[in-house]
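Line by line, the protein sequences are chains A and B. In terms of the UniProt record's numbering, the first sequence has 117 at position 117, counting the first letter as 1, and numbering is strictly consecutive. In terms of the UniProt record's numbering, the second sequence has 173 at position 173, counting the first letter as 1, and numbering is strictly consecutive. Positions of the beta carbon are idealized from the N, C-alpha and C atoms, including for glycine.
Number of protein chains: 2
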Amino acid sequence: MSGEFAFIEALRALAVHPGARGFNDDAAVLELGGETIVLTHDAMVEGVHFLSGQDPADVAWKLVATNVSDLAAKGAEPIGVLLGYQLAQDDARFVAGLAEALDHYGAKLLGGDTTGANGPQSLGLTAIGRATFTPVPSRSGARPGNAIWLTGSLGGAMAGLEALNACSGDSAAYRRPQARLAEGLALAPQVTAMMDVSDGLLLDALRMATASAVTFAIDSAAVPIAVPEQRRDEALRWGDDYELLFTLPAGVLPATPATQIGEVLQRSENALLLDGKLLSPGDRPGFVHS
Amino acid sequence: MSGEFAFIEALRALAVHPGARGFNDDAAVLELGGETIVLTHDAMVEGVHFLSGQDPADVAWKLVATNVSDLAAKGAEPIGVLLGYQLAQDDARFVAGLAEALDHYGAKLLGGDTTGANGPQSLGLTAIGRATFTPVPSRSGARPGNAIWLTGSLGGAMAGLEALNACSGDSAAYRRPQARLAEGLALAPQVTAMMDVSDGLLLDALRMATASAVTFAIDSAAVPIAVPEQRRDEALRWGDDYELLFTLPAGVLPATPATQIGEVLQRSENALLLDGKLLSPGDRPGFVHS
Numbered sequence: 001m002s003g004e005f006a007f008i009e010a011l012r013a014l015a016v017h018p019g020a021r022g023f024n025d026d027a028a029v030l031e032l033g034g035e036t037i038v039l040t041h042d043a044m045v046e047g048v049h050f051l052s053g054q055d056p057a058d059v060a061w062k063l064v065a066t067n068v069s070d071l072a073a074k075g076a077e078p079i080g081v082l083l084g085y086q087l088a089q090d091d092a093r094f095v096a097g098l099a100e101a102l103d104h105y106g107a108k109l110l111g112g113d114t115t116g117a118n119g120p121q122s123l124g125l126t127a128i129g130r131a132t133f134t135p136v137p138s139r140s141g142a143r144p145g146n147a148i149w150l151t152g153s154l155g156g157a158m159a160g161l162e163a164l165n166a167c168s169g170d171s172a173a174y175r176r177p178q179a180r181l182a183e184g185l186a187l188a189p190q191v192t193a194m195m196d197v198s199d200g201l202l203l204d205a206l207r208m209a210t211a212s213a214v215t216f217a218i219d220s221a222a223v224p225i226a227v228p229e230q231r232r233d234e235a236l237r238w239g240d241d242y243e244l245l246f247t248l249p250a251g252v253l254p255a256t257p258a259t260q261i262g263e264v265l266q267r268s269e270n271a272l273l274l275d276g277k278l279l280s281p282g283d284r285p286g287f288v289h290s
Numbered sequence: 001m002s003g004e005f006a007f008i009e010a011l012r013a014l015a016v017h018p019g020a021r022g023f024n025d026d027a028a029v030l031e032l033g034g035e036t037i038v039l040t041h042d043a044m045v046e047g048v049h050f051l052s053g054q055d056p057a058d059v060a061w062k063l064v065a066t067n068v069s070d071l072a073a074k075g076a077e078p079i080g081v082l083l084g085y086q087l088a089q090d091d092a093r094f095v096a097g098l099a100e101a102l103d104h105y106g107a108k109l110l111g112g113d114t115t116g117a118n119g120p121q122s123l124g125l126t127a128i129g130r131a132t133f134t135p136v137p138s139r140s141g142a143r144p145g146n147a148i149w150l151t152g153s154l155g156g157a158m159a160g161l162e163a164l165n166a167c168s169g170d171s172a173a174y175r176r177p178q179a180r181l182a183e184g185l186a187l188a189p190q191v192t193a194m195m196d197v198s199d200g201l202l203l204d205a206l207r208m209a210t211a212s213a214v215t216f217a218i219d220s221a222a223v224p225i226a227v228p229e230q231r232r233d234e235a236l237r238w239g240d241d242y243e244l245l246f247t248l249p250a251g252v253l254p255a256t257p258a259t260q261i262g263e264v265l266q267r268s269e270n271a272l273l274l275d276g277k278l279l280s281p282g283d284r285p286g287f288v289h290s
């Protein structure tokens, strides 16, 4: 993974525009003609981000939802998307799912590019949105004394993928993730920091704590999970749930249903404490895109 | 190819935003906060749009230049780009070429996403620019009586690819195409229609004529070529040169060096005449992305 991180650091060094931290699930913020716009680009590759043979309509839905989720975390309402589409077996199903997702989130298809079939299918989507509140929420605003909150519950996508692989049970949470758009818009004026949980709660919490130069103390038992209790540890580390992780000043209640899962401390040696302890050395806090 | 065209038509049917015709080398136009912004997305796949083993710095340059070329055709100055990057062998060289191209065209890296290595490398870039003149030039404004003009010359990229394959001779025109940005900005207030020639002059002229509901009559001998005369037919059909094709009212001289290569006629049975004749049935007018 270090190669990837070095590359991202090199890219970040290029990204000198203020607010340009838009790599790997963070979005870019751009002041333009009196508006604040938010731009994000997510890519999905067959065999990495979706299964070979998965319904292309579900793949299209997820591609839109993951990008809209990045907008939601910035309190931005979608304007439109540009699609990079590698032609495949059932393009019509892809278009059907794309239309459904765009309609659901109120986004237009603005343009894009198609490429020939060649190896595992590679898809990219750029979403552009309009910020509804400034300053736009970032990952770096969490302050000691803030409470840490989470919308919804975790582990649903994990169980959904298992159901899909087993051809049995409800796989919707994996196939058709819901971006927390309404929640993000409602929370944007309140939060001190916000991001979506795409790579696992613990990893994303670690990222937010690091960006904010604080320590996050998370109470694992407080985290709502959508799977049996014995799978709590996995649910906290699994990705693809697209809930919103955010911080609020102590005593402020969120404008949308959410659960307090911890609190922000002064930065100590480690940026993340789970039930007061460090993660053990071999414990991967989440899914690192490889 | 019909599968591809059907797919693009389905996508276009989704693209209900005014001006949203941004598929496959056309750019989308969006009014936002008192500004007119232009968005384009181009994808490049290893083995299709670039050679396996090509210098990643050249690949990065071309990825930027092809997108900036789409902005240039709209008279838009670049603001920034979002990158979809599939990790590969020599990411540092890619970053070096990316930095060079972004600096050259005055664009910032705003964000993006990285994905793991998996099959042929797939790259996507979204570029966003600010229109310098409205209405933004389109492909559909050519009118009977207009003159057809072209910047630069054709065939250089074809010869460049041959040189690269032969490991001998000057391959720069293929490896490092130059987007006609200054020319596009200068021409935008003058033109009745404009686009970049990415897929071959004859194919792109056919597209512009079709979009404008007119017939383009092109004088093949008038087209400047960068290769020996016996390769004129190929040069008119080869892509990757990224010159600007545009139409002007009769008698208007372009603000930038260019060559008149034909004239616009009332729409007749066929949208494209070359030296007064139809293309023969088996004659492919250009490169269709497959």
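Selected residue, minimal CA-CA separation from glutamine 266 of chain A, among A:Ala147, A:Thr256, A:Arg176: Along the first sequence, one-based indexing puts residue 266 of chain A at 266. The shortest Cα separation from glutamine 266 of chain A among A:Ala147, A:Thr256, A:Arg176 belongs to A:Ala147.
C-alpha gap between leucine 63 of chain B and methionine 44 of chain A, whole angstroms: Taking the second sequence and counting its residues from 1, one reaches residue 63 of chain B at position 63. Taking the first sequence and counting its residues from 1, one reaches residue 44 of chain A at position 44. Their backbone Cα atoms lie some 19 angstroms apart in a straight line.
Interface partners of valine 214 of chain A on chain B, CB under 8 angstroms: Mapped onto the first sequence, residue 214 of chain A falls at position 214. Ordered by position in chain B, no residue passes the 8 angstroms Cβ test against valine 214 of chain A, which lies about 24 angstroms from the chain.
Residue 320 of chain A to glycine 129 of chain A span [Cα, whole Å]: The displayed coordinates of chain A run from 1 to 290. Any statement about residue 320 of chain A would go beyond what the structure contains.
Secondary structure of threonine 114 of chain B, DSSP reduced to three states: Counting from one through the second sequence, the residue named residue 114 of chain B turns up at place 114. The three-state secondary structure of threonine 114 of chain B, taken from DSSP, is strand.
Beta carbon proximity, phenylalanine 133 of chain A to chain B, threshold 8 angstroms: Along the first sequence, one-based indexing puts residue 133 of chain A at 133. In terms of beta-carbon proximity, phenylalanine 133 of chain A stays away from the interface with chain B, with every pair separated by 8 angstroms or more.
Residue-level contact to chain A via CB, asparagine 118 of chain B, 8 angstroms cutoff: The sequence position of residue 118 of chain B within the second sequence is 118, counting from 1. Cβ-Cβ to chain A under 8 angstroms: yes for asparagine 118 of chain B.
Rounded Cβ spacing between residue 291 of chain A and alanine 10 of chain B (contact assumed at less than 8 angstroms): Given a span of 1 to 290 for chain A in the structure shown, any question on residue 291 of chain A remains unanswerable.
With 16 other Cβ atoms within 10 Å as the buried cut-off, status of serine 280 of chain A: Stepping through the first sequence from its first residue, residue 280 of chain A is reached at position 280. By the neighbour-count rule (16 or more Cβ atoms within 10 Å), serine 280 of chain A is not buried but exposed.
Same chain only: Cβ atoms within 6 angstroms of methionine 158 of chain B, ignoring 5 sequence neighbours per side: Within the second sequence, residue 158 of chain B is the residue found at index 158, counting from 1. So the list reads Trp238, once near-sequence residues are dropped.
Alpha carbon of valine 227 of chain A to alpha carbon of leucine 82 of chain B, nearest angstrom: Translated into positions along the first sequence, residue 227 of chain A becomes position 227. Translated into positions along the second sequence, residue 82 of chain B becomes position 82. Annotation: valine 227 of chain A to leucine 82 of chain B spans about 36 angstroms, alpha carbon to alpha carbon.
Beta-carbon neighbours of leucine 51 of chain B, restricted to chain A and to distances below 7 angstroms: Within the second sequence, the letter at position 51 stands for residue 51 of chain B. Ordered by position in chain A, no residue passes the 7 angstroms Cβ test against leucine 51 of chain B, which lies about 13 angstroms from the chain.
Distance between beta carbons of leucine 187 of chain B and methionine 194 of chain B, contact taken as under 8 angstroms: One-based indexing of the second sequence puts residue 194 of chain B at position 194. One-based indexing of the second sequence puts residue 187 of chain B at position 187. Taking C-beta atoms under 8 angstroms as the contact rule, methionine 194 of chain B and leucine 187 of chain B qualify, at a distance of about 6 angstroms.
Cβ-Cβ distance between aspartate 58 of chain A and glycine 97 of chain A below 8 angstroms: By one-based count along the first sequence, residue 58 of chain A stands at place 58. By one-based count along the first sequence, residue 97 of chain A stands at place 97. Yes, these two residues count as a Cβ contact at 8 angstroms.
At least 3 beta-carbon pairs within less than 8 angstroms: the segment 102-117 of chain A vs the segment 205-221 of chain A: They do not touch, by the three-pair rule.
Residue from A:Ala211, A:Gly251, A:Ala205 whose Cα sits closest to the Cα of leucine 272 of chain A: Your numbering for residue 272 of chain A matches position 272 in the first sequence. Residue A:Ala205 is the option with its Cα nearest to leucine 272 of chain A.
Residue from B:Gly155, B:Ser171, B:Thr192 with nearest C-alpha to glutamine 230 of chain B: Counting from one through the second sequence, the residue named residue 230 of chain B turns up at place 230. The residue with the shortest Cα to Cα distance from glutamine 230 of chain B is B:Gly155.
Short CB-CB distance (under 8 angstroms) between serine 69 of chain A and chain B: As a working note, residue 69 of chain A is residue 69 in the first sequence. Chain B, which has no Cβ nearer than 8 angstroms to the Cβ of serine 69 of chain A, makes this no.
Local conformation of histidine 104 of chain B per DSSP, three classes: Numbered from its first residue, the second sequence carries residue 104 of chain B at position 104. Reduced to three states, the DSSP call for histidine 104 of chain B is helix.
Chain-ordered chain B contacts of residue 293 of chain A [CB-CB under 7 angstroms]: Shown here, chain A extends from 1 to 290; a query on residue 293 of chain A therefore has no answer.
Nearest neighbour of phenylalanine 165 of chain B, chosen from B:Gln54, B:Pro177, B:Glu31 [CA to CA]: Within the second sequence, the letter at position 165 stands for residue 165 of chain B. Per the sequence shown, residue 165 of chain B should be read as asparagine rather than phenylalanine. From the listed residues B:Gln54, B:Pro177, B:Glu31, the smallest Cα separation to asparagine 165 of chain B is found for B:Gln54.
CB contact check: serine 122 of chain B to chain A, cutoff 8 angstroms: Taking the first residue of the second sequence as 1, we reach residue 122 of chain B at position 122. Using beta-carbon distances, serine 122 of chain B counts as an interface residue toward chain A, with a partner under 8 angstroms.
Length-filtered (3 minimum) beta strand (DSSP E) runs lying within the segment 217-259 of chain A: List check, beta strand (DSSP E) in window: 243-248.
Alanine 131 of chain B beta carbon less than 8 angstroms from that of glycine 75 of chain B: To locate residue 75 of chain B, count along the second sequence from 1; it is residue 75. To locate residue 131 of chain B, count along the second sequence from 1; it is residue 131. At the C-beta level, glycine 75 of chain B and alanine 131 of chain B come within 8 angstroms of one another.
Segments of 4+ residues assigned as alpha helix (DSSP H) that fall wholly inside the UniProt domain "PurM-like N-terminal" (25-130) of chain A: DSSP runs (the alpha helix (DSSP H)) wholly in the UniProt domain "PurM-like N-terminal" (25-130) of chain A: 56-72, 91-105.
Residues from the segment 180-193 of chain B in contact with chain A, defined by Cβ distance under 7 angstroms: Cβ contacts with chain A: none found.
Short Cβ contact (8 angstroms threshold) for glycine 47 of chain B with proline 120 of chain B: Reading the second sequence from its first residue, position 47 is the one you call residue 47 of chain B. Reading the second sequence from its first residue, position 120 is the one you call residue 120 of chain B. In contact: glycine 47 of chain B and proline 120 of chain B (Cβ atoms closer than 8 angstroms).
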